[in-house]
Each structure stands twice: as structure tokens, then as C-alpha cells.
Amino acid sequence: MRAFKFVIPIMLLVGGFGWMKLSKDFQDVPELSRFFIIIGAMLVSGIISYFLFPKDEGEKS
């Protein structure tokens with residue numbers, strides 16, 4: 015359940031902001047390369063956020 019609350023929205027935000035930044039400032043980079051850069055950034059941010067956020071955010075000890 016943690017993936018739906020934190021990981022996927024973070025991945026989508028990273029993808030959206032990355033696409034905007036690459037499209038605006040780095041137009042010389044080919045479209046396919048930009049796509050692969052965005053996919054890589056989304057995967058890395060998803061992996062980091064998966065391990066960063068707690069598994070049981072609802073339970074307090």
C-alpha cells in the first residue's frame with residue numbers, strides 16, 4: 015500500500031518536472047535520449063522513496 019501513497023506520485027512528479035526541464039533548457043538532446051533520462055530518473059527516485067518512507071506509517075509504538 016505504501017507504493018500507492020508515496021512512491022508512484024513521487025515518480026510522476028519527478029517525470030513531469032524532468033520532462034519540462036529537459037524540453038525547455040536542453041532542446042539539443044534527442045527526444046529518445048530525453049525519454050531514457052526521464053525513465054531513469056523516475057526509477058531512481060522511486061527506489062529511493064520506497065526505502066526512505068516507513069512501511070507502517072499508520073501504526074505508532
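The opening residue of the sequence shown carries number 15 in our numbering; numbering runs sequentially from there. Note that CB positions come from ideal geometry on N, CA and C, so glycine has one too.
Excluding the 5 residues flanking it on each side, MET34 has no same chain C-beta neighbour closer than 8 Å. Taking ILE53 as reference, the option from ASP39, PRO68, ILE24, LYS19 with the minimal CA-CA separation is ILE24. Scanning its chain for C-beta atoms nearer than 7 Å, with the 5 sequence neighbours on each side dropped, one finds around VAL21 the residues GLY60, SER63, TYR64, in chain order. Cβ contact annotation for GLY29 (same chain, cutoff 6 Å, sequence separation greater than five): ILE52, MET56, in chain order.
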